[in-house]
Each structure stands twice: as C-alpha cells, then as structure tokens.
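In our numbering, the protein residues as written are 382 to 749.
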C-alpha cells in the first residue's frame, strides 16, 4: 500500500493530536505485568538466554515466541513478550488471566485474620497494571514496517519505538510482538463552528416596521448635470499637455544618425554579431553617424574596406561592406558626411558597429 496517498484511508492527523502515556516501569527483573500478559525489558548486554534465566522460563520457549535465537544479543530497553505468566520466584503467577487473585490465596488470608494471626508470608508478586491501561499487542507480519503499524493503530511512530525499544532505524522483524502505546488522555475535541445567528423573526401579528419617510427639513440633493456637461467641465479643468518635442534637450536626442536608411536584417548579438546589419541597395551613400576623425581604414578577409571613425567620449563607429571610399585616414568628418557607398552583395547591406574602447555596445542605444 502506498502510504503517500491521501485517499488510502490512513490519516496521521489524530495520531499527532493524541498524546501517549509513558511505558510503565518494570520490576527488578525487568518484567511489566498486565492483566492478560507480561513483557520483559532487556538490559544492556543481555541475550535471549540471559533474559530467560532471569525470569525463570525456558530459553527456547522465549526465543521461539519472539522469533529470535537463544544467543541473540539484545539492546538495552528492547522488549520481549513472555509466552506465559511468571511470578516473583520464576514460576507461574498467582494472578489469574482476568486479573483476579486466586481463591486459595484469599481463603488463607481470611482464615489467618479470623484466628487473630497474620497471613503467611507471600511470594513477592509483580505489580499488575490497571486493565484500562493495558496496551494491545500486534504480531508483525511479513512486509510490515513500524510506520505502517503506527498508522494502523493511529499512534505516533516515535511512541511505538519508545514502548518497544526499537533501534534508531525502527526496524521490526516477522513474528515480533509489539505493544501498542495507550493514550495519555483523550484527544482534544475540535471545537465545532458556532452556528450563524438566525435573523430575528417578528412575532405573528406584530407586523413589520414602517420605514421613515424623507424629512421635509432635509431637502433632496440637486440633480447631477448630464454626462456631456460633466465631460466638458472636466476638459476645461484639465491642464494642457506639455509639448515634449519643444522641451527636448540635446542630451535627450539620439547621439548618432542612421548611416543608411533601411530595415535591420541582423540584430546585435555579442559574441556572434558585434554590430547590426542594415539592408540597403548597392551604391547607397553611407554617412558618418556623428562628427569625428577617421581613425583607421583597413580591409576584411575579402579585401573589402572597413572604416573606423573616432568620436567623443571614447566612442568608435565601424562601417563595413563599403566601396568607393571618399575619406582618408586622419580626416575630420561631420555628422551626415558621405564616407563611401554600399557594396553590391546578395543581399547588399551595411555592417555597422559602435564600440566603447575595445568592447562592442548595442548600436541601437545611440541610434534610437
């Protein structure tokens, strides 16, 4: 069964809300006695054989009842179920299976008191836990885990481990007898939501309250003007929109102009394309995007000229796919001055870059 599903019938909500009592303390031999059965708590270093000798029971019988071998080493605090009841001397107990004292014991005590004597000394018997606090027992079946058993009985896995002395991994074995922890106190009841108060219903024949008429001393508010008049009044009160084109300063204008007019056919992509490609017909005049000085004229691998113009603030503009250059290295150019023409190609276009020192930047930041 998949315990992770919420629709399989198991819920840990009540187990989380339900506190469990502590396991009763055993007697000097480690025995905890309940009305219907007994268990023994192992000491550090115990084996099944040592526990059997201490409680006075055959080691093979104790081992088989707990699905163990006689020489199995036990953990301190591990709980073994006794196959039958034992008394304080290691024999069978004088407590009946229903928790009542044997009739012969009561008779001997009554006769001794009637004769004015004291009852004969009795063998020390283990303290019997109240029947109301007797935990249920569960024998582990093949494939079961401690978590499944805890959910089955709606108890916390940690409480199940503490009551039975399980190891930190909470391992159980087939045939092991487990005690199911008993609750310390009833789970707190969830407060039921308070019902919504029902509306007051007038008594039959009493009628309903009459609403008060509008007072003559409080005149009605004046009627609102038509929507068209309201819009006209709001339009008059609205301040005129500022003419942004008139207040535009040189600092807010685009710094560069387009070197050629055309659509962008290759976008800026650092590492793959350090500039933009602008579609233009072969022979279209290429203009200097801003005033500056021709810093270099070189050629690409196809022997096609490349022009580099230096501008203020360390900016450089680069023009490729040119022919018919009209400027020379070291010449000063003005913004919009023709520096060459677009070379024929399929398609024909101008490759344009803007660089800040050695690093390329997006040309559209300066063209728009």
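Note that beta-carbon positions come from the ideal geometry of N, C-alpha and C, so glycine has one too.
Check: Measuring only the C-alpha atoms, how far is residue 449 from residue 526?; Outcome: 18 Å
Check: Just to confirm, is the Cβ distance from residue 669 to residue 640 under 9 Å?; Outcome: yes
Check: Can you tell me which of the three DSSP states residue 721 falls into?; Outcome: strand
Check: Helix, strand or coil, according to DSSP, for residue 745 in the structure here?; Outcome: helix
Check: So residue 657 packs on residue 643, CB below 8 Å; how close in whole Å?; Outcome: Residue 657 to residue 643, Cβ: 10 Å. No contact.
Check: Hey, which unbroken runs of the beta strand (DSSP E) at 3 residues or more fall wholly within the region 509-534?; Outcome: 518-520
Check: Hey, how far is the Cα of residue 415 from the Cα of residue 558?; Outcome: 15 Å
Check: Exposed or buried, residue 713, counting other C-beta atoms within 10 Å across all chains shown (16 or more means buried)?; Outcome: exposed
Check: Taking the DSSP output, what are the residues bridged to residue 733?; Outcome: 657 and 700
Check: Take the Cβ of residue 438 as the centre, count every other Cβ of all protein chains shown within 10 Å, and call the residue buried at 16 or more, exposed below.; Outcome: buried
Check: Enumerate in chain order the residues of its own chain whose CB-to-CB distance from residue 746 is below 6 Å, with the five nearest sequence positions on each side excluded.; Outcome: none
Check: Kindly indicate the opening and closing residues of the beta strand (DSSP E) around residue 419.; Outcome: 419-422
Check: Could you check the C-alpha separation between residue 613 and residue 605 for me, to the nearest Å?; Outcome: 14 Å
Check: Could you check whether residue 710 and residue 667 sit closer than 9 Å to each other, using their CB atoms as the reference points?; Outcome: no
Check: Is residue 447 helix, strand or coil when you go by DSSP?; Outcome: coil
Check: Could you tell me whether the region 529-537 touches the region 448-464, using the rule of 3 or more Cβ pairs below 8 Å?; Outcome: no
Check: How many Å lie between residue 418 and residue 435 at the Cα?; Outcome: 18 Å
Check: What do you get for residue 739, buried or exposed, if any count of 16 or more other CB atoms within 10 angstroms of its CB means buried?; Outcome: exposed
Check: Taking residue 616 as part of the alpha helix (DSSP H), name the residues at either end of that continuous run.; Outcome: 608-618
Check: Comparing C-alpha positions only, which one of 702, 458 and 443 sits nearest to residue 464?; Outcome: 443
Check: Here's the rule I'm using: 16 or more other beta-carbon atoms within 10 Å means buried, otherwise exposed. How should residue 724 be labelled?; Outcome: buried
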